[in-house]
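Asks: If you're matching them up, the sequences are chains A and B in order. For what it's worth, this note's numbering labels the leading residue of the first sequence as 1, then goes sequentially. For what it's worth, this note's numbering labels the leading residue of the second sequence as 1001, then goes sequentially. Even glycine gets a Cβ: it sits at the ideal position worked out from N, Cα and C. One structure coming up, written as structure tokens, with questions to follow.
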Amino acid sequence: MTPPSTPIAEPGAAIGYAGPLRRLGRRMRDGRTVPVLTVVLAILAIWYLAAIGMNWATETVKLERAGEAYGVPDTVAATWSAERPVLPAPHQIVVEIWNSTVGVKPSSPRSLLYHAWVTLSSTLLGFLIGTALGVLLAVGILNSRTLDKSLMPWIIASQTIPILAIAPMVIVVLNSVGVTGLLPKAIISTYLSFFPVAVGMVKGLRSPDAMLIDLMHTYSATRRQTLVKLRWPASMPFLFTSMKVAVAAALVGAIVGELPTGAVAGLGARLLAGSYYGQTIQIWSALVAAAIMAGVLVWLIGLGEKASLKRMGARP
Amino acid sequence: MSVARNGAGPGPGAIALTGGLAAMAAIAALSLLGVDQRGPLLILAILAFWAASWRLTVSLAAIEPRGRAGRVALQVLIPIVFGVSLLFLWELVVRALQVPIVLLPAPSDIGVRIANSLPILWVDFVQTFLKAVVAGYVIGCASGFAVAVLVDRSSFLKRGLLPVGNLVSALPIVGVAPIMVMWFGFDWPSKAAVVVVMTFFPMLVNTVAGLSAAGAMERDLMRTYAAGPWQSLLKLRLPAAMPFIFNALKINSTLALIGAIVAEFFGTPIVGMGFRISAEIGRMNTDMVWAEIAVAALAGSLTYGILSVIERITTFWHPSYRKG
Chain A
1 MTPPSTPIAE PGAAIGYAGP LRRLGRRMRD GRTVPVLTVV LAILAIWYLA
51 AIGMNWATET VKLERAGEAY GVPDTVAATW SAERPVLPAP HQIVVEIWNS
101 TVGVKPSSPR SLLYHAWVTL SSTLLGFLIG TALGVLLAVG ILNSRTLDKS
151 LMPWIIASQT IPILAIAPMV IVVLNSVGVT GLLPKAIIST YLSFFPVAVG
201 MVKGLRSPDA MLIDLMHTYS ATRRQTLVKL RWPASMPFLF TSMKVAVAAA
251 LVGAIVGELP TGAVAGLGAR LLAGSYYGQT IQIWSALVAA AIMAGVLVWL
301 IGLGEKASLK RMGARP
Chain B
1001 MSVARNGAGP GPGAIALTGG LAAMAAIAAL SLLGVDQRGP LLILAILAFW
1051 AASWRLTVSL AAIEPRGRAG RVALQVLIPI VFGVSLLFLW ELVVRALQVP
1101 IVLLPAPSDI GVRIANSLPI LWVDFVQTFL KAVVAGYVIG CASGFAVAVL
1151 VDRSSFLKRG LLPVGNLVSA LPIVGVAPIM VMWFGFDWPS KAAVVVVMTF
1201 FPMLVNTVAG LSAAGAMERD LMRTYAAGPW QSLLKLRLPA AMPFIFNALK
1251 INSTLALIGA IVAEFFGTPI VGMGFRISAE IGRMNTDMVW AEIAVAALAG
1301 SLTYGILSVI ERITTFWHPS YRKG
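Next up, the structure:
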């Protein structure tokens, strides 16, 4: 029996029996897992080689100074275990992350979890407010011709300017009037996540075609009913797509918002402190932590997307 | 508003009247600024100005012009009227309530500051935009494009790189700034390096997606012409990928400016837009910060505009540009 997934029309498909191993091989070849793993492994390999190359000069100097005889393997080992390498090897970063998450109490300022939470909390707060405001404004623009014609061009234009440059000013000005801590960073995250959601939702709320809107009209549905029963469900894919963009932007905003206050707490502060003291491993581990956080946030929104679209009967 | 939607819109007389009202309220508010500081009359004049200018925007938005030229002109005019009245309102409120300049400078203060410090702004612009952004943008986009064209030949690599590229595009790449500053020094090459890293992946992902945008029918046609892979790439798939590539170029133009400015927060010689922003905010010179932001906004939107024009010229065949 040929399984239905095996292409019968392929040249040579009828020759020989596609056994389970062969089938597994084909699935691995055609799927995404093996290629992605290969690419990741290649990146790691290049990284290790680059670590040798970039740390070579400083490490040979150190070994020279130690005065003992050394060979090439010693130098390679040294480049992968330097204390302040130019480029730390991946395992050094993993060890650092492990030590600073599991090794210390989560409440201590030396813990990466503590800093990650500081950043995450302002990211999430800002993201939620920004998304809510973006959706509200999109509904407003949908219902007001004036807003659509006057405000919408500015919102679109604002996507082309580096709004993030305002971040230090927002922080410092709010600090000077006594607003400190979570809120200023959350405000930056709010306005960074606000614009993509507003633009995406205006598109999404307008996505149902004229036929469906006419149908709602023949049902003598009110504007409100059309919004709730047709436009809102139709805009869900747009909402989730723009939320993915927005949460990534909100995270960047929170990280940048931690810079001007002078490295108090948060992943941005870890980056800045690391660059002050030349602690490359600390910089990289903060960077990896931020990357993991971004990946997880986007993944969670993707899960929500799948769940809600499935409930609404959309085909994946 | 609802009446206007059904009809042809308000007449020119009504628009002139609301416009005149807005102007009068503005003049009244301006002349009251010195006399009735924080007083009820001034507040009243400001409220009247806002009401009249909002009415003006509303009535302008309700017009339904017949010709294409009129529609385009109105599309430009309404946001400008709205923006200018918003700026004016900002000016009035800041000056009427005497908001300290540290909190929020009035637009006129920012304008004066821009006019007075043009040389500094220009030097910063050269350092950040003309050196770091342009160099990084060109290298990042070109290498992303080149890698995408190479990867395109192998379906294995494509399937492997695309998810990784998509993931990396969502990461806070600006964070590599301190590392790049360590590797490439304080001057603009380190900022350009940040820009390269930031722009590479969006270009890669978009180009790879774009190269598979050509339809199966057209590809078959190229095969019947016995076109080689490079011929079909040059004559069919690259032109079909153009909208995607321009999308990446546009996204990257904003990303590049952000990357260069943020990278300067981590260490820079004493010149550059990001340096100026962080230095002047330290001295509480918010008007200078706003001036730099205005320059950055202008540079960003001009770049975007130029890219859009080039896109229209190159992808004139695309359905979204067809007249009708």
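(1) Could you pull the start and end residues of the alpha helix (DSSP H) that residue 1311/B belongs to?
(2) Roughly how many angstroms lie between the CA atoms of residue 1297/B and residue 90/A, to the nearest whole one?
(3) Flag this pair as touching only if the region 159 to 169 of chain A and the region 1244 to 1259 of chain B have three or more C-beta atom pairs under 8 Å; answer yes or no.
(4) In the DSSP assignment, find the alpha helix (DSSP H) that holds residue 92/A and state where it starts and stops.
(5) For residue 1288/B, count neighbouring C-beta atoms within 10 Å of its own C-beta (all shown protein chains included) and say buried if the count is 16 or more, exposed if not.
(6) What is the rounded straight-line gap between the Cα of residue 180/A and the Cα of residue 257/A?
(7) Less than 8 Å between the CB atoms is what I'm expecting for residue 236/A and residue 135/A, so what's the real figure, rounded?
(8) Can you confirm whether residue 1057/B, when its beta carbon is compared against all beta carbons of chain A, has any partner nearer than 8 Å?
(9) Determine whether the Cβ of residue 149/A lies closer than 8 Å to any Cβ atom of chain B.
(10) Does the beta-carbon of residue 268/A have 16 or more other beta-carbons within 10 angstroms, so that it is buried, or is it exposed?
(11) Using a C-beta cutoff of 8 Å, does residue 1182/B count as contacting chain A?
(12) Closer than 9 Å by beta-carbon distance: list the chain A residues that pair up with residue 1071/B, in chain order.
(13) Entirely within the region 49 to 130 of chain A and at least 4 residues each: give me those alpha helix (DSSP H) ranges in chain order.
(14) Can you tell me whether DSSP reads residue 304/A as helix, strand or coil?
(15) Does residue 1098/B pass the burial test, meaning 16 or more other C-beta atoms within 10 Å, or should it be called exposed?
(16) Starting from the C-beta of residue 279/A, find all residues in its chain whose C-beta is less than 8 Å away, skip the five residues before and the five after it, and write them out in chain order.
(17) Just to confirm the assignment, what range does the alpha helix (DSSP H) spanning residue 258/A have?
(18) Using a beta-carbon distance below 8 Å, is residue 162/A in contact with chain B?
(19) Using a Cβ-Cβ distance cut-off of 8 Å, determine whether residue 168/A contacts chain B.
(20) Does any residue of chain C bring its CB to less than 8 Å from the CB of residue 1159/B?
(21) Under 8 Å, Cβ to Cβ, is there at least one residue of chain A near residue 1195/B?
(22) So which residues of chain B does residue 298/A contact, with C-beta pairs closer than 7 Å?
(23) Tell me the residue span of the alpha helix (DSSP H) that contains residue 269/A.
(24) Can you look up residue 231/A in the DSSP assignment and give me helix, strand or coil?
(25) Which of helix, strand or coil does DSSP assign to residue 1064/B?
(26) Between the alpha carbons of residue 1118/B and residue 1129/B, how many angstroms are there, rounded?
(27) Helix, strand or coil for residue 1097/B, going by three-state DSSP, please let me know.
(28) Does the Cβ-Cβ distance between residue 1278/B and residue 184/A come in under 8 Å?
(29) Less than 8 Å between the beta carbons of residue 290/A and residue 251/A, yes or no?
(30) Taking the alpha helix (DSSP H) that residue 1249/B belongs to, which residues open and close that run?
(31) With a CB to CB cut of under 8 Å and the five nearest residues on each side skipped, what residues in its chain are close to residue 170/A?
(32) Kindly give me the distance between the Cβ atoms of residue 1081/B and residue 1060/B, rounded to whole angstroms, as I take these residues to be in contact under 8 Å.
(33) Please list, in chain order, the residues of the region 281 to 312 of chain A that have any C-beta partner in chain B closer than 8 Å.
(34) Would the region 131 to 149 of chain A count as touching the region 189 to 199 of chain A if we require 3 or more Cβ pairs under 8 Å?
(35) Since I believe residue 1022/B is in contact with residue 1049/B (beta carbons under 8 Å), could you give me their beta-carbon distance rounded to a whole number of angstroms?
(36) Count the other C-beta atoms from every protein chain shown that fall within 10 angstroms of the C-beta of residue 1224/B, then say buried if there are 16 or more, exposed otherwise.
Replies: On the basis of the coordinates in this document:
(1) 1286 to 1314
(2) 38 Å
(3) yes
(4) 90 to 101
(5) buried
(6) Taking the straight line from one Cα to the other gives about 11 Å.
(7) Not quite, the Cβ-Cβ distance comes to about 11 Å (not below 8 Å), so this is no contact.
(8) yes
(9) yes
(10) buried
(11) yes
(12) Going along chain A, no residue has its Cβ under 9 Å from residue 1071/B, so there is no contact; the nearest lies around 11 Å.
(13) At a cut-off of 4 residues, the continuous stretches assigned as alpha helix (DSSP H) that sit fully inside the region 49 to 130 of chain A are 72 to 79 and 90 to 101.
(14) helix
(15) The residue is exposed, with fewer than 16 neighbouring Cβ atoms inside 10 Å.
(16) 84 and 273
(17) No alpha helix (DSSP H) contains residue 258/A, which DSSP labels as neither H nor E.
(18) yes
(19) yes
(20) Protein chains A and B are contained in the structure displayed, whereas chain C is not.
(21) no
(22) 1170
(23) 267 to 277
(24) helix
(25) coil
(26) 15 Å
(27) coil
(28) Going by C-beta atoms, residue 1278/B is not nearer than 8 Å to residue 184/A.
(29) yes
(30) 1238 to 1264
(31) Listed in chain order, the non-local C-beta contacts of residue 170/A below 8 Å within the same chain comprise 184, 187, 188 and 257, local neighbours out to five positions each way being set aside.
(32) 6 Å
(33) Considering only beta carbons, the part of the region 281 to 312 of chain A lying closer than 8 Å to chain B consists of 283, 284, 286, 287, 290, 291, 294, 295 and 298, in chain order.
(34) yes
(35) 6 Å
(36) Counting of Cβ neighbours within 10 angstroms places residue 1224/B among the exposed residues, the total staying below 16.
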